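In what follows, a structure is listed as structure tokens, so that the remarks can point back to it.
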Amino acid sequence: MFTIEHLIDLPGLRFDDVDTQDAGVPEPWEGEYVPAGDELPPISAVEEQVVALAYLTSAPGGAELYRSVSDAELLELAEIHAAQARHIGAQQALIAGEVARRSRHELGFTGMAQSLGHRTPEELIRVTTGSTMGEAKRAVAVGTLMVQTADAENAPAPAADPATGEVLEQTPPAPAQPWMVPAVAALRDGSISVEKVDAIRRGLGEPDPLTGDASRDADRITAEALRGAVELLLDEARALDVDRLLKRARELRDELDEAGVATRERRRYEARSFRVYRQPDGMTRATWVMDPETAAIVTDMYDRTVSPKLGGPRFVDADAASRAAAIVNDPRTAEQLASDAMLALLRAGASADPMLLPGHAAPAVRVLITRQNLTDGRGVAHLDGQTAPVSVATAERAVCTAGTQEAVFDQRGRPLDLGRTVRLFTTKQKTMLAIRDGGCMFPGCERPPSWTEAHHIKHYVRDRGDTNIDDGILLCRHHHLLVHAAGWEIEHEHGTNYRLIPPPGIDRTQTPIPLATKSAAHRRLTAAATARSDAR
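Shown next as structure tokens:
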């Protein structure tokens with residue numbers, strides 16, 4: 001195997017900037033790179049990468065170095081190393097893609113992977129790199145995408161007729177996934193990671209195939225539509241982690257494919273399961289895979305049970321505060337509390353009189369849908385707190401069993417307010433805030449509405465602020481305390497375009513940070529209303 005020590009045998013290679021001792025290179029190899037003339041043999045791809053590795057591994061580092069730098073420098077170093085990791089990840093994926101190309105199915109036992117005793121290229125990558133199978137599959141998938149895109153870009157130009165010199169018509173080869181070309185370009189230049197490209201790829205899926213039915217094909221998702229979604233996701237990718245980017249990609253797919261929402265909802269429902277495993281230690285483990293509607297009910301009950309224990313919202317109401325304090329002071333862990341609560345619910349349900357209606361304190365699951373969609377029977381609905389949309393039929397069923405409560409928003413997504421009649425936000429106001437904000441609005445926070453508190457943007461005492469929805473925003477307890485204690489401010493434009501203003505100690509320029517709703521439902525409904533308004 002080629003190692004860094006072999007570079008001593010390469011004529012003309014001399015480096016001043018490499019710590020040769022740390023890099024494992026013999027002492028005689030030092031100085032600058034000096035070409036040896038035309039007779040110098042070209043450096044192979046492996047040798048070039050070893051040289052790059054020598055520079056990388058010889059860079060100064062260590063706990064003492066990082067302890068001596070400022071906060072700003074430390075974050076800058078983190079960004080630099082993240083950029084290096086993105087470039088290295090892209091090269092690893094490209095190598096995995098080439099391994100897959102040399103191991104393609106039609107080559108059989110003569111292919112690279114099988115000839116080396118491995119069933120698949122993913123298995124070969126896993127064994128060679130020491131990665132997990134999931135990491136190997138991701139590298140092969142993204143690497144194959146890179147290889148196929150490069151093959152299409154590097155295809156030879158159309159040949160000319162030797163007799164006439166006329167260029168023969170020839171259709172240039174297209175990439176296997178042309179909608180992903182912008183993502184591949186971003187991966188090559190290091191602005192996005194392999195993990196994020198894979199999230200975009202998996203979240204958006206593939207175009208719908210042609211069916212021959214003109215009415216169905218007119219609404220199908222095309223490669224062009226997916227390319228537009230990829231470009232939008234690339235703009236948003238820097239501010240999103242991999243998990244949130246995957247969710248956002250799936251949201252965009254649902255927005256493009258409203259007709260397929262009912263089909264995907266049915267598949268999710270059919271995939272539900274509950275399994276019980278008896279363990280050797282006498283315990284029993286259960287695994288519950290829930291469809292979104294079931295999950296909305298169960299997670300609401302779970303949050304009610306454990307959120308005070310896990311740092312959920314504080315309560316001003318005396319009775320609610322007393323119940324929360326009892327949960328916090330309970331010696332049981334959050335997991336034990338949840339287990340006991342589920343058991344109590346099952347026992348209550350099993351012993352209930354089937355002739356009696358259940359109590360009024362049912363799980364508070366909101367189904368969000370526009371009045372127009374509910375009337376027309378078209379479009380989609382949303383379960384509050386769930387990322388996957390549901391069909392209008394699900395919303396209609398909820399109306400039959402629970403009735404409706406209309407929440408009126410204007411076309412810019414601005415809800416109605418109540419003025420300065422009360423100090424505390426009412427239950428209805430908090431419901432409107434939950435629908436609008438979708439959780440804690442602080443950047444990067446994923447706390448759901450059930451874990452948040454309603455913050456007065458205009459402080460009630462300091463600014464004589466009204467208790468209306470425009471001047472309210474949802475923040476989890478941690479970020480609510482941070483805003484008050486550290487001097488963060490929030491501004492808005494008549495109930496839209498909320499922005500977070502950092503204190504001077506964090507950002508001397510106090511550059512506003514846009515605050516985006518965490519509610520996919522609110523984003524879609526507002527966009528639809530804006531589109532209808534623009535069309536008039």
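Going by the UniProt record's numbering, the letters in the sequence shown line up with residues 1 to 536, in that order.
Don't be surprised by glycine CBs; every beta carbon is placed ideally from N, CA and C.
On a predicted model such as this, the values are computed, not experimentally measured, just so you know.
In the structure shown, what three-state DSSP assignment does residue i receive?
i	result
L337	helix
L368	strand
A395	helix
L240	coil
L474	strand
A271	coil
residue 537	Outside the displayed range of the chain (1 to 536) lies residue 537, so it cannot be described from this structure.
P389	strand
R447	coil
F442	coil
A485	helix
R304	helix
N373	helix
K458	coil
R220	coil
F109	helix
In the DSSP assignment, what are the bridge partners of residue i?
i	result
T284	R278
E491	R499
V328	For V328, which the question treats as bridged, DSSP gives no partner whatsoever.
I513	L500
T452	C476
H382	L368 and P389
V289	S273
Ordered along the chain, which non-local residues of its own chain (more than five positions away) have a Cβ less than 6 Å from that of residue i?
i	result
R250	G203
V142	A93, V194, V197 and D198
A388	P292
L356	Note that L356 scores a pLDDT of 45, beneath 50, so its modelled location is shaky; the value from the coordinates is reported in the next line. Hits under 6 Å: none found.
R268	D291
R447	G439, C440 and C476
A361	Annotation note: pLDDT 48 at A361 (below 50); position unreliable, no value reported.
If you drop the 5 nearest sequence neighbours on each side, which residues of the same chain put their C-beta closer than 7 Å to that of residue i?
i	result
E73	none
P514	R499
V181	T149 and P175
R523	T517
Any heavy atom of the ligand GDP within a distance shorter than 8 Å of the CB on residue i?
i	result
A395	Within the structure as shown, the ligand GDP is missing, as the structure has no ligands at all.
Beta-carbon within less than 8 Å of residue i's beta-carbon, same chain only, minus the 5 sequence neighbours each way: which residues are those?
i	result
T284	V276, Y277 and R278
I327	T305, V306, P308, K309 and L337
M146	A90, A93, L94, G97, V184, L187 and R188
A136	A96, E122, E123, I125, R126 and T129
I490	H455, I457, I473, V483, Y498, R499, L500, I501 and L515
Would a check of beta-carbon distances place residue i closer than 9 Å to chain B?
i	result
G444	Among the chains of the structure shown, chain B does not appear; only one protein chain is present.
**OP:** Determine contact between the stretch 90-108 and the stretch 64-78, defined as no fewer than three beta-carbon pairs at a distance below 8 Å.
**Re:** Flag = no, the stretch 90-108 and the stretch 64-78 do not touch.
**OP:** Write down every uninterrupted run of the alpha helix (DSSP H) in the stretch 111-159 whose length is 4 residues or greater and which is fully enclosed by it, in chain order.
**Re:** Listed in chain order, they are 112-115, 121-129 and 133-153.
Subject >> Continuous alpha helix (DSSP H) assignments of at least 4 residues falling wholly in the stretch 44-87 >> reply: Secondary structure remark: continuous alpha helix (DSSP H) runs of at least 4 residues inside the stretch 44-87, in chain order: 45-57 and 63-67.
Original post:
Are the stretch 472-486 and the stretch 450-459 touching by the rule of at least three beta carbon pairs closer than 8 Å?
Top reply: These segments touch.
Original post:
What are the start and end residues of each continuous alpha helix (DSSP H) run of 4 or more residues lying completely inside the stretch 191-217, in chain order?
Top reply: Here the runs fully enclosed are 194-204 and 214-217.
**OP:** Count the CB pairs spanning the stretch 102-110 and the stretch 143-157 that are closer than 8 Å, and state whether there are at least three.
**Re:** Flag = no, the stretch 102-110 and the stretch 143-157 do not touch.
Original post:
With contact counted as at least three CB pairs below 8 Å, one residue from each stretch, are the stretch 231-242 and the stretch 206-218 in contact?
Top reply: Because the criterion of three Cβ pairs below 8 Å is not met, the stretch 231-242 and the stretch 206-218 do not touch.
Original post:
Are there three or more Cβ pairs, one per stretch, closer than 8 Å when the stretch 514-526 is compared with the stretch 435-443?
Top reply: At 8 Å Cβ cutoff, the stretches touch.
Subject >> the stretch 249-265 in contact with the stretch 376-383 per 3-pair CB rule at 8 Å >> reply: Contact holds: three or more Cβ-Cβ distances are below 8 Å.
Original post:
Does the stretch 503-513 come close enough to the stretch 484-492 that 3 or more CB-CB pairs lie under 8 Å?
Top reply: Under the three-pair Cβ rule at 8 Å, the stretch 484-492 counts as touching the stretch 503-513.
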